[in-house]
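Counting from 573, one number per residue, gives the positions in the sequence shown under the working numbering.
Idealized CB from N, CA, C, for every residue including glycine.
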Amino acid sequence: MGDAVTEPEIVALGAEHMQAAAAIRRVALWRQLPWLPDLHTPEEEEQYWRTHLLPNCTILGAAIGNRLVGVIAFGDGWIEQLYVLPDFQNIGIGSLLLGCAREEMNEIRLWTFQRNSGARAFYERYGFSVEEKTDGLDNEEKEPDVLYHWRRLPERTPGLQPSDPGP
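See the structure below:
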C-alpha cells in the first residue's frame with residue numbers, strides 16, 4: 573500500500589479531479605471483473621465524468637495524504653459510481669463514502685453486475701435489497717446486472733407509546 577493507513581479525508585471533487593476519478597473506476601472495476609469488455613478509452617471515461625457526472629451528481633473523493641483512493645458519484649436517489657482502489661479496499665473507505673450518500677438521500681438505487689459478489693455483499697451488508705435482476709441486454713457490457721434499493725427507516729420517537737384502543 574505504501575501510505576500509512578490513516579483516516580481518509582472526504583473531499584468534494586471538481587473538474588480537475590475527473591481524470592483521477594475515472595482512473596480509480598477503471599482500476600477497481602477491471603481488477604474485480606477482468607472479463608468485462610473494455611469499451612471506452614481512459615479519455616472517453618474522463619469525458620463522461622466531466623460532462624455527465626460532474627454536472628448532475630455530487631462527487632466526493634476519499635483521500636489519504638494527497639492521494640485519491642476512492643470516489644462516489646450520487647444524486648437524485650441514485651449512486652452512479654462507487655469505487656475504491658484495490659489496495660485500499662476492506663479498510664472502511666467504501667463504507668465512509670456510502671455513508672455520505674446515505675446521509676444525503678432517504679432512498680437510494682444502484683446497479684451492479686450480478687457476478688460482482690464483493691459489491692453485492694457490501695451493499696447487502698448495508699441493508700440494500702435486490703429490486704430487479706436483468707439479463708444485461710440493456711447495459712453496454714451486455715453483462716447480467718442487478719438493481720439494488722435502500723430506504724431509510726423512519727426514526728422512532730423516544731417515549732412515544734401506542735395509544736390504548738380500550739375495551
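query = In this structure, does DSSP put Trp-602 in helix, strand or coil?
reply = helix
task = Report the rounded CA-to-CA distance for Gly-574 versus Trp-602, giving the unit in angstroms.
result = With a pLDDT of 46 at Gly-574, under the threshold of 50, the predicted position of this residue should be treated as unreliable, though the coordinate-derived value follows. Their Cα atoms are separated by approximately 21 angstroms.
query = Any idea if Thr-613 is buried or exposed, counting beta-carbon neighbours within 10 angstroms, 16 or more meaning buried?
reply = Here Thr-613 is exposed, its C-beta having fewer than 16 other C-beta atoms within 10 Å.
query = Just checking my contact of Trp-722 with Ile-680 at CB under 8 angstroms: how many whole Å lie between their CB atoms?
reply = Contact between Trp-722 and Ile-680 holds, since their C-beta atoms are separated by about 5 angstroms, short of 8 angstroms.
ask   = Where does Ala-600 land, buried or exposed, given buried means 16+ other C-beta within 10 angstroms?
value = buried
request  = Give me whichever residues DSSP pairs with Ser-701 in a beta bridge.
outcome  = Beta-bridge pairing links Ser-701 to His-721.
inquiry  = Beta-carbon within less than 7 angstroms of Ile-651's beta-carbon, same chain only, minus the 5 sequence neighbours each way: which residues are those?
reply    = Ile-644, Ala-673, Ile-680, Leu-682
inquiry  = Applying the 10 Å Cβ sphere with the 16-neighbour rule, what's the burial state of Asp-610?
reply    = exposed
message = To the nearest angstrom, how far is the alpha carbon of Leu-605 from that of Tyr-720?
response = 19 angstroms
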